[in-house]
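Visitor:
Numbering (UniProt numbering), first residue to last: 1 to 272.
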């Protein structure tokens, strides 16, 4: 069975999600926040890391077709925040597949979601994501839009390095992503890895922390949007260096491992 192209443009059923102060603290710990970030990791004056928006706006995905889930990887992620997230809250999310593109060696499936406040219906989060499914390309379809992102012709304005823990994926998965690719060595081997890899959204969250503290003054209210493309896996325990270029509210970034391998490319953020 090929991928189901009839899903494109059709809204899935609305999904309601609530979260507690414990959920947002656990998320902060999952993306590496610790004792120097107590406003995110404890209940005293608690605030929420902006990248939690990606989890808050998630809705159960519809079946895309018949494929080996070990061959699916997160390819891109972006979100826009229309207001700062509360420590505890809830949203109603509607999502849709926006495209299925033929990349030759695989298929790129793009989607978007809109999450509104449960009480008022006000838009809180708009998110976009894509997954790459190896072996599902070659069906003669459109290759999809091209991104013209290029780094500025100057040294980064900031470079920030954060470490991850060997058990980072085991902590992050408690926020709801139990994909065995990140915990089960035999499943990771089926996907071609010698050990479980870190969740892409964990790498994304670590990067978001770097942006928040480096160019937003640690103020989530100034953090309006973030997007990037996952370009290489990260293993728990590796360090991540975020290179940041600032042009007013527009921020470009790239995240790399110690050996220079870029793991999030084409990064953009909006910080006021």
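Beta carbons: idealized from backbone N, C-alpha and C, even for Gly.
Keep in mind that this is a model prediction, so the values were computed, not measured.
#1: Do residue 118 and residue 21 count as a contact pair if the criterion is CB distance below 8 Å?
#2: Using a Cβ distance threshold of 8 Å, determine whether the stretch 239–255 contacts the stretch 153–172, with at least three qualifying pairs required.
#3: With distances taken Cα to Cα, identify the nearest neighbour of residue 8 among 112, 250, 205, 220.
#4: Could you round the C-beta distance between residue 182 and residue 197 to whole angstroms and report it? I think they count as a contact, below 8 Å.
#5: For residue 1, count neighbouring C-beta atoms within 10 Å of its own C-beta (all shown protein chains included) and say buried if the count is 16 or more, exposed if not.
#6: What are the start and end residues of each continuous beta strand (DSSP E) run of 3 or more residues lying completely inside the stretch 81–169, in chain order?
#7: Starting from residue 23 and walking both ways along the alpha helix (DSSP H), at which residues does that stretch end?
#8: With the cut-off set at 8 Å, would you say residue 110 and residue 130 are in Cβ contact?
#9: Report the rounded CA-to-CA distance for residue 127 versus residue 100, giving the unit in angstroms.
#10: I need the straight-line Cα distance from residue 107 to residue 136, nearest angstrom please.
#11: Residue 122 and residue 225: beta carbons closer than 8 Å?
#12: Please determine, among 261, 260, 258, 254, the residue with the shortest C-alpha to C-alpha distance to residue 267.
#13: Determine whether the beta carbon atoms of residue 258 and residue 238 lie at a separation below 8 Å.
#14: What does the Cβ neighbour count give for residue 11, buried or exposed, with the cut at 16 atoms within 10 Å?
#15: Where do the N-terminal and C-terminal ends of the alpha helix (DSSP H) with residue 208 fall, by residue?
#16: Would you say the stretch 203–210 touches the stretch 78–92, given that touching needs at least three Cβ pairs under 8 Å?
#17: Relative to the C-alpha of residue 88, which residue among 94, 59, 19 is closest?
#18: Mind the definition here: the stretch 70–78 touches the stretch 186–195 only if three or more C-beta pairs lie below 8 Å; say whether that holds.
Guide: The relevant details are as follows:
#1: no
#2: yes
#3: 112
#4: 6 Å
#5: Low local confidence applies: a pLDDT of 48 at residue 1 is under 50, so the model's placement there is unreliable, and no value is given.
#6: 89–102, 106–117, 123–134, 158–163
#7: 21–30
#8: yes
#9: 17 Å
#10: 5 Å
#11: no
#12: 254
#13: yes
#14: exposed
#15: 200–215
#16: no
#17: 19
#18: yes
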